[in-house]
Amino acid sequence: QGVKLCSLYGSLEMDIAELEEEEAAAFTEGLDITEPGRERLIEEAYRVLGLISFFTCGPDEVRAWTLHDGDNAVDAAGAIHSDLARGFIRAQVVAFDDYKKHGSSFDECRKAGCLRLEGKEYLVKDGDIIEIRFNV
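What the sequence shown shows, in our numbering, is residues 37 to 172, in sequence order.
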């Protein structure tokens, strides 16, 4: 009761990892494997531990950050850097699907009306893309 299991076939996963990309795709399709075991393991670990991911996007880098489910925008700012949490003003937030749909641009998301300005108490959602506004 209350035990979570995630089965992995280590030797099979290792064999797949050693194949060329096209061979691996054909092999996994033949076995009806839709995603690598490591991805299933990570997803299940996040679920069991109550974790979520949010993203920051800059011109040269996209980065995922980990929070506990139920953490707010200030917690997200603090995960990036304590100065951002200390000087938090607001968070610009857009859902991943909207960000992708509008050319991965905050400006385009703003024009489309899907960029939101959120305050300190905003509960971060899994997959949010966030830009923190702060003043220190």
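C-beta atoms are modelled at their ideal positions from N, C-alpha and C, and glycine is treated no differently.
Bounds of the beta strand (DSSP E) holding I166 are I165 to F170. As the crow flies, the alpha-carbon of C145 is around 6 Å from that of H138. If you keep only unbroken alpha helix (DSSP H) runs of at least 4 residues inside the stretch 65–117, you get 73–85 and 109–116. Look at the beta carbons and you see the stretch 48–67 not touching the stretch 97–116: under three pairs across the two are nearer than 8 Å.
The criterion of a C-beta distance shorter than 9 Å is satisfied by Q128 and I166.
The shortest C-alpha to C-alpha distance from S141 to any of V98, A61, C42 and E56 is the one to V98. For E56, there is no enclosing alpha helix (DSSP H), since its DSSP letter is neither H nor E.
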